[in-house]
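> The structure follows.
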Amino acid sequence: MSSSVIDFLATERRLGTYNYEPIGVVLSRGEGVWVWDIEGNRYLDCLSAYSAVSQGHCHPKILAAMVEQAHRLTLTSRAFHNDQLAPFYEEIAALTGSHKVLPMNSGAEAVESAIKSVRKWGYEVKGVPDGQAEIIVCADNFHGRTLGIVGFSTDPETRKHFGPFAPGFKIIPFGDAAALEAAITPNTVAFLVEPIQGEAGVIIPPAGYFTKVRQLCTASNVMLVLDEIQTGLGRTGKLLAEQHEGIEADVTLLGKALSGGFYPVSAVLSNNDVLGTLRPGQHGSTFGGNPLACAVARAAMRVLVEEGMIENAARQGARFLEGLKDIRANTIREVRGRGLMLAVELHPEAGRARRYCEALQAKGILAKDTHEHTIRIAPPLVITSDQVDWALERFAATLTQDFS
Ligand SMILES: *Cc1c(COP(=O)(O)O)cnc(C)c1O
41 MSSSVIDFLA TERRLGTYNY EPIGVVLSRG EGVWVWDIEG NRYLDCLSAY SAVSQGHCHP
101 KILAAMVEQA HRLTLTSRAF HNDQLAPFYE EIAALTGSHK VLPMNSGAEA VESAIKSVRK
161 WGYEVKGVPD GQAEIIVCAD NFHGRTLGIV GFSTDPETRK HFGPFAPGFK IIPFGDAAAL
221 EAAITPNTVA FLVEPIQGEA GVIIPPAGYF TKVRQLCTAS NVMLVLDEIQ TGLGRTGKLL
281 AEQHEGIEAD VTLLGKALSG GFYPVSAVLS NNDVLGTLRP GQHGSTFGGN PLACAVARAA
341 MRVLVEEGMI ENAARQGARF LEGLKDIRAN TIREVRGRGL MLAVELHPEA GRARRYCEAL
401 QAKGILAKDT HEHTIRIAPP LVITSDQVDW ALERFAATLT QDFS
């Protein structure tokens, strides 16, 4: 049996596929915004499993729903009905104002499912000639890790030696509505885009971008597919990030926080007949829509609303952002964020963000670097003002250190 941090790391390195480079902390317990390592050290979680644990670690009500359902029924497959699926549909549709729901498991599966459905819609409703459907995506996108998805990534690391890739995708710059207008052809079926690019380093598009995008998509009968897997469910201080510009996507993708971190649950939501084109036998998933997933997701959505987490994300996000902006450190190039989706971009001369994350770890904060020079900050949405202030003191102390 492994016991020390060194042992755990060595065993992972020996037996595991080396496709991650985690911060050297081995966690064994979590509660709310806090996690504890195997030595009993406590950390404020400023990553929240890439926003999947928005409701806080081991939320008692989601836990209770999961345990209760696990005792009753966990999996039926979609060969039979189960008594959790219909209530899940009703609640997610009511929460998001959607008309059709397709339950899946991982975020990448939701993206793949959306790609399949908008193509089908394109051929059967829009009238695009078979095999000619085009989907427009953005540079620096992150939509998951399946072959279909990495094929339209612009990150060489993500794509290299995984090809050949599927055709049918056109890449334009993010935040550039004129580029979208120029890229649309009669065969364009959809524009797939993140409201804020998370993995790219919390990149917020210019104000008015999505209003223009919505107009262009409507004018050309192109489905606007918003990947809200990271931005959705309160992360940016609104239920959906699209609400910041008062628009509505045709297809919305949710995942991550849809289960509060207990279980992989994702969903494709559509406001029109996109999902209506799918017929029995044409798409599915053994685990998609299973009763355990539905019970967990129902509880995860309920606590998000009942416990005011979305409003709290707006309030604490503003406090966190202001606090970060007040830090006077020549290591900082830019601070940006919306709600509790925040990032500190360092000057290249300040050294790698990874070292700052390690220094934060020593001070009791877990945050994750992205793209060499960016520290991303996304605590659970249950964070309090005192905890934000506690975190800010430690960010200030760390960012004024010089590691270069
Ligand atoms: C995390 C993420 C995904 C992929 O979700 P997985 O559950 O890891 O497959 C897709 N899109 C966005 C925007 C994400 O942040």
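According to our numbering, the residues represented by the sequence shown are 41 to 444, in order. Where a beta carbon is used, it is the ideal one built from N, C-alpha and C, also for glycine.
Where does N370 land, buried or exposed, given buried means 16+ other C-beta within 10 angstroms?
As a working note, residue 370 is residue 330 in the sequence shown. With fewer than 16 other Cβ atoms within 10 Å, it is exposed.
> At the level of alpha carbons, what is the spacing between A437 and I415?
Along the sequence shown, one-based indexing puts residue 437 at 397. Along the sequence shown, one-based indexing puts residue 415 at 375. Taking the straight line from one Cα to the other gives about 15 Å.
> Using only alpha-carbon positions, find the residue among I287, N330, V308 and P304 that is nearest to L294.
In the sequence shown, the residue the question calls residue 294 occupies position 254. Closest by alpha carbon: V308.
> Which stretch, first to last residue, makes up the alpha helix (DSSP H) that contains I350?
The sequence position of residue 350 within the sequence shown is 310, counting from 1. Where I350 is concerned, the enclosing alpha helix (DSSP H) stretches over M349 to D366.
> Let me check you understand the geometry: is the CB of H201 closer than 7 Å to at least one non-hydrogen atom of ligand 1?
Residue mapping note: residue 201 aligns to position 161 of the sequence shown, counting from 1. H201 Cβ: outside cutoff for every heavy atom of ligand 1.
> Within the present structure, is the beta-carbon of A148 separated from the nearest heavy atom of ligand 1 by less than 7 Å?
Counting from 1 along the sequence shown, the entry for residue 148 is found at position 108. Yes - ligand 1 has a heavy atom lying nearer than 7 Å to the Cβ of A148.
> Skipping 5 residues on each side, what residues in its chain have a beta carbon closer than 6 Å to that of I367?
As a working mapping, residue 367 is identified with position 327 in the sequence shown. If you ignore the 5 residues before and after I367, its C-beta comes within less than 6 Å of the C-beta of A436 and L439, all in its own chain and listed in chain order.
> When the Cβ atoms of the stretch 166–180 are set against those of the stretch 221–231, are three or more pairs found closer than 8 Å?
yes
> I want to know whether the stretch 260–276 touches the stretch 234–250 - three or more CB-CB distances under 8 Å.
yes
> Is E234 close to ligand 1? I mean its beta-carbon at under 7 Å from any heavy atom of the ligand.
Here residue 234 corresponds to residue number 194 of the sequence shown, with the count starting at 1. Yes.
> I believe A105 touches A335 by the beta-carbon criterion, under 8 Å. Please report the beta-carbon distance rounded to the nearest angstrom.
Walking along the sequence shown from the start, residue 105 turns up at place 65. Walking along the sequence shown from the start, residue 335 turns up at place 295. 5 Å between Cβ atoms; contact.
> At the level of alpha carbons, what is the spacing between E61 and N261?
Numbered from 1 along the sequence shown, position 21 holds the residue referred to as residue 61. Numbered from 1 along the sequence shown, position 221 holds the residue referred to as residue 261. Cα-Cα distance, rounded: 43 Å.
> Relative to the C-alpha of Y90, which candidate in D442, L406 and F443 has its C-alpha closest?
One-based indexing of the sequence shown puts residue 90 at position 50. Residue L406 is the option with its Cα nearest to Y90.
> Starting from E152 and walking both ways along the beta strand (DSSP E), at which residues does that stretch end?
What you label residue 152 is simply residue 112 of the sequence shown in a count that begins at 1. E152 -> not in any beta strand (DSSP E); alpha helix (DSSP H) instead, spanning G147 to W161.
> Using C-beta distances below 7 Å, list every residue in its chain close to L113, excluding the 5 sequence neighbours before and after it, in chain order.
For the purposes of this step, residue 113 is identified with residue 73 of the sequence shown, where counting begins at 1. For L113, where only same-chain residues beyond five positions count, the Cβ hits under 7 Å are N122 and P331.
> Do P304 and D85 have their beta-carbon atoms positioned less than 8 Å apart in this structure?
Residue numbering aside, residue 85 sits at position 45 when the sequence shown is read from its first letter. Residue numbering aside, residue 304 sits at position 264 when the sequence shown is read from its first letter. No, the Cβ-Cβ distance between D85 and P304 is not below 8 Å.
> Would you kindly work out how many angstroms separate the C-alpha atoms of H99 and R338, rounded to a whole number?
Translated into positions along the sequence shown, residue 99 becomes position 59. Translated into positions along the sequence shown, residue 338 becomes position 298. R338 has its alpha-carbon roughly 13 Å from the corresponding atom of H99.
> Nearer than 7 Å: is that true of the beta carbon of G4 relative to any heavy atom of ligand 1?
Since the first residue of the chain shown is 41 and the last is 444, residue 4 is not available in this structure.
> State buried or exposed for S306, treating a residue as buried only when at least 16 other CB atoms are found within 10 Å of its CB.
As a first step, residue 306 must be located in the sequence shown, where it is residue number 266. When all chains shown are included, S306 counts as buried.
> With a threshold of 7 Å (Cβ to nearest heavy atom), would G184 be considered close to ligand 1?
In the sequence shown, counting from the first residue as 1, residue 184 sits at position 144. Annotation for G184 indicates a beta carbon within 7 Å of some heavy atom of ligand 1.
> In whole angstroms, what separates the C-alpha of G329 from that of I287?
Here residue 329 refers to the residue found at position 289 when the sequence shown is read from its first residue. Here residue 287 refers to the residue found at position 247 when the sequence shown is read from its first residue. Rounded to whole angstroms, G329 to I287 spans 28 Å at the Cα level.
> In this structure, how does DSSP classify V127 when only helix, strand and coil are distinguished?
Here residue 127 refers to the residue found at position 87 when the sequence shown is read from its first residue. In the sequence as displayed, the identity of residue 127 is Pro instead of Val. Looking at P127 - three-state DSSP - the assignment turns out to be helix.
> Note down, in chain order, each residue of its chain lying with its Cβ closer than 8 Å to the Cβ of T136, except the 5 sequence neighbours on either side.
On the sequence shown, position 96 is the one that residue 136 refers to. Only L279, L280, T292, L294 and L309 meet the Cβ criterion.
> Tell me whether G80 is buried or exposed, calling it buried when 16 or more other Cβ atoms sit within 10 Å of its Cβ.
Position 40 of the sequence shown holds residue 80. The residue in question, G80, is exposed, as its Cβ has fewer than 16 Cβ neighbours within 10 Å.
> Return the residue from the list T410, K403, G391 and E164 that minimises the CA-CA distance to L382.
Indexing the sequence shown from 1 puts residue 382 at position 342. Across the set T410, K403, G391 and E164, the C-alpha of T410 shows the shortest separation from the C-alpha of L382.
> For P304, which three-state DSSP category applies?
Position 264 of the sequence shown, counted from the start, is the residue given in the question as residue 304. DSSP places P304 in the coil class of the three-state scheme, outside both helix and strand.
> What residue from D216, A354, Y83 and Q109 has the CA that sits closest to K252's CA?
Taking the sequence shown and counting its residues from 1, the one referred to as residue 252 is at position 212. With distances taken between Cα atoms, K252 lies closest to D216.
> Who are the Cβ neighbours of M41 in its own chain at under 6 Å, not counting the five residues just before and after it?
Counting from 1 along the sequence shown, the entry for residue 41 is found at position 1. Caution applies to M41, whose pLDDT of 48 falls short of 50 and renders its modelled position unreliable; the value that the coordinates give is listed next. Closer than 6 Å at the Cβ level, and outside the excluded window around M41, lies no residue.
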